[in-house]
């Protein structure tokens, strides 16, 4: 039984990184604590660097990869944001770093609970993003991420995301593969050109003052990211062959004859699957689609999964204030060109921010509201919570203002 | 370093690195934070016959640490040296410099100090001395002397980390510089080394590019820029004492960034009745040009008198080491 953080630490250790720069932040600290224990016990041969900030963590990771060493690190939330500038430099210089992000809602207000704003806010930084539902998937995804990132047709950094607290500190049964099996699956990192050698001096990260060479490199970056869609599929298949666990960029659950789909990502999917089972038991033709690969965006998989459906209910555990959820427009855009009769009505539901619970009742509501929207022919976008949660919020606001109201006065 | 780099004529930053590379050789990685030196390499060209990487502005220390860690992990013998300006070192990069020295990463942190943010057109940095004009500390009625702050004592900050080696240098004494680079290289077998090279900047300071070395010499001979070194557990020693110090005004004269300090006083003496009332008031609050120069001279005198009286400065900077 391993927590999500432990699972990631094992996945990282098995991948044999040569350099691990680290900095603590809740809720990922357990990852670097575990790794430091492996190092202290002589189980992991790596250069473990305790850096002075997350910005420095990623800076050191970049130059370590540029020197030719496989590198791993982990962060969350504010730490991820502090790295923001360096995320672009990591992908722009094509460093195949693998970094775990343990999602946590962003300050302000400060919180520790999970939501997706931290990682989704980095979607344009040019990294590969894999979002995990289970601890097993987290361990497996770190290993797969190296194989994807280091592929010569990709050479881009990857983030492996798990929900803070919900998954990071939840124990689940995890099969830890043997080092030998992982070594067979993931060979040693052997860069062709990105390394330092006295005989072949190179200058890296040089200025491209003209727009032409800059645009060229950015195009290459984009093409590499597009390549990654099929490399991700390829590696997932190879992983299944080697370890017997199958992962899909867009997982389909009970979708065979579905008319409606819930669309989720990360650990809340487990609850959503329960809602789907309940709906099925009631005789409703509902399924679930889980977004595992977010960047590059799996457009074809989304189209294939959604075409012909009557409605899709997208859960956004994130918000772009002034616009709405981040996932909703990505899905709608992917489906825009479908012929009208095969294009589903897509509704968006914002819930679960800052670790707020998303309950079975709320999933039921999402399904029923989407059905109504489908029959009305118009999609909706809503922010939802339960009455119990609203009452609690009102109570806390009153407390803060020093007012004690009775139920009648409220 | 090959000839034909796109730097300003008379640039001491490039000269310093060129000499340093003669000592370090080809097994070197230069880690460059954003600054003048970033533009040495412009795609598709590089003048360097060794390795180089540009990162961002504030992470030279962290970037160098990453190269060193990877080199050690891969069993590669690489000299790692930064090529960092004062802005990237004294200000925005201080966190990552401190971290690298606290961890004792075996790197040479080389800072060329031209006393301002040069690449962006010469703005005030933590290394800008009092009285210097920069584009963000211009002179005006409310700001007659230009920059009112003091130059940060980065050397003492680094020495507080008890590095393996730290030294200040100047291109007026190029062999001394190269000797110090050699000592730094040797020191990185055991821990971090810091090299602070005074870099009189023709473009930023406002003098003809053929006088770079001359101004470097005047800074040293006036005692304003102290040549010293720190060795772990031995403390700080001064490596060069001017036999007869020239007045600091000889160093400042002729640099456009300090012209106003001389003009202000002349203006007062010649036409006191024409100085506007507001300006007189402002100056009473801060200093006159003469006031700044006099203050600086007395600080320099005090430092050297003290230095003459004791051999060991043991990392104690005090404000007297104005290094202006």
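Residue numbers (the working numbering), protein chains in the order written: chain A, 103 to 512; chain B, 4 to 327.
From the three backbone atoms N, C-alpha and C, an ideal C-beta is built for every residue, glycine too.
Predicted model only: the values in this text are computed from it and were never measured.
Three-state secondary structure (DSSP) of residue i
i: residue 143 (chain A); result: coil
i: residue 71 (chain B); result: helix
i: residue 101 (chain B); result: helix
i: residue 426 (chain A); result: strand
i: residue 149 (chain A); result: strand
i: residue 549 (chain A); result: Coverage of chain A is limited to positions 103 through 512, which leaves residue 549 (chain A) absent and any answer about it impossible.
i: residue 406 (chain A); result: helix
i: residue 467 (chain A); result: helix
i: residue 316 (chain A); result: helix
i: residue 37 (chain B); result: coil
i: residue 178 (chain B); result: helix
i: residue 376 (chain A); result: helix
i: residue 274 (chain B); result: Any reading at residue 274 (chain B) needs caution, since the residue's pLDDT is 44, under 50, leaving its predicted position unreliable; the model's value is listed next. Residue 274 (chain B): coil per DSSP, three-state reduction.
i: residue 161 (chain B); result: helix
i: residue 484 (chain A); result: strand
i: residue 214 (chain A); result: coil
i: residue 503 (chain A); result: coil
The beta strand (DSSP E) enclosing residue i, as first and last residue numbers
i: residue 206 (chain A); result: From DSSP, residue 206 (chain A) is part of no beta strand (DSSP E); its letter is neither H nor E.
i: residue 233 (chain B); result: 231-234
i: residue 168 (chain B); result: 168-173
i: residue 238 (chain A); result: No beta strand (DSSP E) contains residue 238 (chain A), which is instead part of the alpha helix (DSSP H) from 237-251.
i: residue 54 (chain B); result: 54-57
i: residue 239 (chain B); result: 238-241
i: residue 231 (chain A); result: 230-233
Status (buried if at least 16 other CB within 10 Å, exposed otherwise) for residue i
i: residue 298 (chain A); result: buried
i: residue 118 (chain B); result: buried
i: residue 280 (chain A); result: exposed
i: residue 291 (chain A); result: buried
i: residue 269 (chain B); result: Confidence in residue 269 (chain B) is poor, its pLDDT being 49 and thus under 50, which makes the residue's placement unreliable; the coordinate value appears in the next sentence. With fewer than 16 Cβ atoms within 10 Å of its Cβ, residue 269 (chain B) is classed as exposed.
i: residue 318 (chain A); result: exposed
i: residue 120 (chain B); result: buried
i: residue 497 (chain A); result: exposed
i: residue 427 (chain A); result: buried
i: residue 138 (chain B); result: exposed
i: residue 115 (chain B); result: buried
i: residue 403 (chain A); result: buried
i: residue 275 (chain B); result: Residue placement at residue 275 (chain B) cannot be trusted, given a pLDDT of 49 that sits under 50; what the coordinates show is reported in the next sentence. When all chains shown are included, residue 275 (chain B) counts as exposed.
i: residue 302 (chain A); result: exposed
i: residue 149 (chain A); result: buried
i: residue 272 (chain B); result: In this prediction, residue 272 (chain B) has a pLDDT of 43, which is less than 50 and means its spatial position is unreliable; nothing more can be read from the coordinates.
i: residue 116 (chain A); result: buried
i: residue 468 (chain A); result: buried
i: residue 448 (chain A); result: buried
i: residue 150 (chain B); result: buried
i: residue 167 (chain B); result: buried
i: residue 191 (chain A); result: buried
i: residue 153 (chain A); result: buried
Span of the alpha helix (DSSP H), counted from its first residue to its last, around residue i
i: residue 430 (chain A); result: 429-437
i: residue 156 (chain A); result: 156-169
i: residue 220 (chain A); result: 219-222
i: residue 24 (chain B); result: 15-27
i: residue 304 (chain B); result: 292-312
i: residue 193 (chain A); result: 186-194
i: residue 363 (chain A); result: Not the alpha helix (DSSP H): residue 363 (chain A) falls in the beta strand (DSSP E), residues 362-366.
i: residue 399 (chain A); result: That residue, residue 399 (chain A), is in no alpha helix (DSSP H); it is neither H nor E in DSSP.
Per DSSP, the bridge partner or partners of residue i
i: residue 447 (chain A); result: A:413
i: residue 111 (chain B); result: B:84, B:196
i: residue 385 (chain A); result: DSSP lists no partner for residue 385 (chain A).
i: residue 393 (chain A); result: A:352
i: residue 121 (chain A); result: A:149, A:173
i: residue 200 (chain A); result: A:174, A:260
i: residue 215 (chain B); result: DSSP lists no partner for residue 215 (chain B).
i: residue 104 (chain A); result: A:274
i: residue 309 (chain A); result: B:45
i: residue 143 (chain B); result: B:146
i: residue 253 (chain B); result: DSSP, once it has assigned bridges, lists no residue as partnering residue 253 (chain B).
i: residue 112 (chain A); result: According to DSSP, residue 112 (chain A) bridges with nothing at all.
i: residue 31 (chain B); result: B:82
i: residue 418 (chain A); result: A:452
Within chain C, partners of residue i - CB distance below 9 Å
i: residue 220 (chain B); result: Although the question refers to chain C, the structure presented lacks it and instead comprises the protein chains A and B.
Contained alpha helix (DSSP H) runs [length at least 4] in the stretch 265-294 of chain A, N- to C-terminal order: The qualifying runs are 281-287.
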